Amino acid sequence: MTDSVHDLRARQPRFSGLEAGHRACQGCGEALGARLVTEAAGPDVILANATGCLEVFSTAWPQSAWRVPWIHSVFANAAAVASGVESALKAQGRRTKVIAQGGDGGTFDIGFQALSGMLERMHNVLYVCYDNEAYMNTGIQRSSSTPHAARTTTSPPGRERMGKRHLKKDLLSIIAAHHIPYAASASVAYPQDLRRKVRRAMEIEGPTFLLVHSPCPLGWGHDGSHTIAIARLAVQSGLFPLVELERGEVASVMPVRKAVPVADYLKGQGRFAHLFVEGDPRAREEREHLQALADYNIERYGLAGEGTDPYDTDGADTVRRGGSARI
Ligand SMILES: Cc1ncc(C[n+]2csc(CCOP(=O)(O)OP(=O)(O)O)c2C)c(N)n1
Ligand code: SF4
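In structure tokens, the structure reads:
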């Protein structure tokens, strides 16, 4: 039975914590991700924001695009600020949920110790990392989340090297080692799945973590209108697997039914343009390296096969792989 327009309207989120009128670039994955997160989280939240693009484009004083209580923190301590807010709310007997958020620089790198402490102390906070794979706000410097071989202003390709030398840090595995109740990866290309994961995290009493793949047209070198297509290719190639972890164990995955070649994902982005230079043998080598990483993800998480919808059906296309039923 198909849904009527009224049914579809009724299922639309009613509230967004991030309003239009902010100053993000056109097609910014981070702005879209934050809108989806706050839509799913609803109005009864307090946000603690690490500095970075999201903070800067949403809060140009004296204006703010946030419709929920929102607190600035420095680059390193969003998780520590959120921990404090959560403790104060608990002391007051209030059940408002706290969300900490930051970019990959603020999460994988400089804010990592605060995040690890927050998870270890079991604060009732959802931490969301908008992963655009570099320090965008300050001019596209590489972070430990930048993929291998990507061009950034601090990992320029040239005679000596083909973009970033090192691998993208496997943050989700490090988060898993904290054995928190729930952690997941999501993508702005799969909004229903993303919202479902936020709602799930919001229901859990304890620390939860969400890694949101968020293309940055400026830093990745693609047209703003291609943000969703590019984010989708990251998932469908296996390079950015969408998984859910319960107490550190893989509980469900978004299947990759017919993996697309990694080259399809890379070639739409200026940050990988040097990997398509004719006659440079290193270009092919690096493409093969990235393909091997995607193949490894598909194998490791059992992404191949199953699933009902390659796009987005409110999480119906995730496949249960195990994990504890109790969260
Ligand atoms: C201790 C410290 N070092 C450097 C900075 C400058 N700084 C502000 S935001 C930022 C980069 C943010 O990158 P990321 O967290 O990835 O967020 P994005 O801008 O990419 O969304 C840097 C280096 C700072 N504010 N504090
Ligand atoms: S630089 Fe990138 S992350 Fe920052 S506002 Fe622009 S698109 Fe968004």
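Numbering-wise, the sequence shown is residues 0 to 326 according to numbering that gives the first Met the number 0. The beta-carbon is built from N, C-alpha and C at its ideal position, and this holds for glycine as well. Note that the structure is predicted; figures quoted are calculated from it, not measured.
Only residues of its own chain outside the window of five on either side were considered, and among them VAL259, ASP263 and TYR264 have a CB closer than 7 angstroms to the CB of LEU232, listed in chain order. The criterion of a C-beta distance shorter than 9 angstroms is satisfied by VAL255 and GLY237. Nearest to ILE174 by alpha-carbon distance, out of SER251, TYR300, GLY278 and PRO206, is PRO206. With respect to TRP69, LEU88 sits apart: the two C-beta atoms are not nearer than 9 angstroms. Shown in chain order are the residues whose CB sits closer than 7 angstroms to a heavy atom of ligand 1: GLU29, ALA49, THR50, GLY51, CYS52, LEU53, VAL73, PHE74, ALA75, GLY101, GLY102, ASP103, GLY104, GLY105, THR106, ILE109, TYR129, ASN131, ALA133, TYR134, MET135, ASN136, THR137, GLN140, SER142 and CYS215. Here the distance from the Cβ of LEU35 to the nearest heavy atom of ligand 2 is not below 8 angstroms.
Judged by DSSP secondary structure, HIS71 falls within the beta strand (DSSP E) whose first and last residues are 69–71. MET121 counts as exposed, since fewer than 16 other beta carbons sit within 10 angstroms of its beta carbon. With a threshold of 8 angstroms, the Cβ atom of PHE208 does not count as near ligand 2, since no heavy atom of the ligand is closer than that. Under the Cβ criterion (8 angstroms, minimum of three pairs), the stretch 153–163 does not count as touching the stretch 237–249. Ligand 2 has a heavy atom closer than 8 angstroms to the beta-carbon of GLY26. Remark: C-beta atoms of LEU53 and GLU18 do not approach each other more closely than 9 angstroms. Contact between the stretch 174–189 and the stretch 216–231 is established, with three or more Cβ pairs separated by less than 8 angstroms. Counting along the chain, ASP263 sits inside the alpha helix (DSSP H) bounded by residues 261–265.
Here the C-alpha atom of ASP103 lies approximately 16 angstroms from the C-alpha atom of HIS165.
Across the set ASN131, PRO280, LYS167 and GLN290, the C-alpha of ASN131 shows the shortest separation from the C-alpha of PRO214.
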